[in-house]
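Residue numbers (my numbering), protein chains in the order written: chain Z, 254 to 363; chain R, 4 to 118.
See structure below.
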Amino acid sequence: QKEVEQDPGPLSVPEGAIVSLNCTYSNSAFQYFMWYRQYSRKGPELLMYTYSSGNKEDGRFTAQVDKSSKYISLFIRDSQPSDSATYLCAMSDGFQKLVFGTGTRLLVSP
Amino acid sequence: GAGVSQSPSNKVTEKGKDVELRCDPISGHTALYWYRQSLGQGLEFLIYFQGNSAPDKSGLPSDRFSAERTGGSVSTLTIQRTQQEDSAVYLCASSLVKLLQVGYTFGSGTRLTVV
Chain Z
254 QKEVEQDPGP LSVPEGAIVS LNCTYSNSAF QYFMWYRQYS RKGPELLMYT YSSGNKEDGR
314 FTAQVDKSSK YISLFIRDSQ PSDSATYLCA MSDGFQKLVF GTGTRLLVSP
Chain R
4 GAGVSQSPSN KVTEKGKDVE LRCDPISGHT ALYWYRQSLG QGLEFLIYFQ GNSAPDKSGL
64 PSDRFSAERT GGSVSTLTIQ RTQQEDSAVY LCASSLVKLL QVGYTFGSGT RLTVV
């Protein structure tokens, strides 16, 4: 079993939809949770960062962490075609390297 | 520079040849990482450098893979006797070690194709 599990998709939605992306993990030592966005033929770029449990909002993006369930989510409101990309979750205990999910490919159609 | 720079951006090589991939991290970032991204496999950790400490090589898949970091800055990943299964995008990232928990800055990667 992988340390971090993420549905690879693709997830296809119409423009304006609310998108929910999720990851589960097994290592209870993880405290730092990130979401990266990766456009085709580009490196991943940090989108959201959350420490421990709770919610964090940044514009149309909301990151949620539920440590009791070992489950993290990224919500995208009013999705746009420019949001079409692969979204990778990543997590760390703060001392070791980041562990990434496999990424979910999102397609937002106009 | 302003970001993490990787070269070449694309590399096609014949099976059995050696290749060198280069990474120039953000100035002042003491931590440097190499990851490999294969289709459907996500990001696979390869090696981690932190300052003058011994590198964490735990992710290198075989002894054909090696990496060095000179002067605490530029890093080179070398793959000897390349195989077709080595075809992937090789990503380099750097970070300020004290802010490891806030994530890395990645380069655009080197797309390696072994034919």
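Even glycine gets a Cβ: it sits at the ideal position worked out from N, Cα and C.
Run of the beta strand (DSSP E) containing Z/GLU268, from where it starts to where it stops: Counting along the chain, no beta strand (DSSP E) covers Z/GLU268, and no H or E run does either.
Ignore the nearest five residues each way along the sequence and tell me which others in R/LEU63's own chain have a CB closer than 7 angstroms to its CB. Only residues of its own chain outside the window of five on either side were considered, and among them LEU49, ILE50 have a CB closer than 7 angstroms to the CB of R/LEU63, listed in chain order.
Touching or not, the stretch 314–331 of chain Z and the stretch 271–285 of chain Z, by the rule of three or more beta carbon pairs under 8 angstroms? Put simply, the stretch 314–331 of chain Z touches the stretch 271–285 of chain Z. At least three CB pairs are less than 8 angstroms apart.
Between the stretch 31–53 of chain R and chain Z, which residues of the former have a C-beta closer than 7 angstroms to a C-beta of the latter? Under the 7 angstroms Cβ criterion, the stretch 31–53 of chain R contributes TYR36, GLY43, GLN44, GLY45, LEU46, PHE48, TYR51.
Can you tell me the Cα-Cα spacing of R/ARG25 and Z/SER345, whole angstroms? Distance between the alpha carbons of R/ARG25 and Z/SER345 is about 26 angstroms.
Neighbourhood of Z/TYR302 by C-beta distance below 6 angstroms, restricted to the same chain and skipping five residues each side: The beta carbon of Z/TYR302 sits closer than 6 angstroms to those of MET287, all from its chain and outside the five residues before and after it, given in chain order.
Starting from the Cα of Z/ASP319, find the closest Cα among Z/ARG313, Z/GLY354, Z/PHE283, Z/ARG358 and give me that residue. When only C-alpha atoms are compared, the closest one is Z/PHE283.
Can you tell me whether Z/ASP311 is helix, strand or coil according to DSSP? In the structure shown, Z/ASP311 sits in a strand (DSSP, three-state: E or B).
Quick test of the definition: if touching needs 3 or more C-beta pairs under 8 angstroms, does the stretch 53–62 of chain R touch the stretch 108–118 of chain R? Touching, no.
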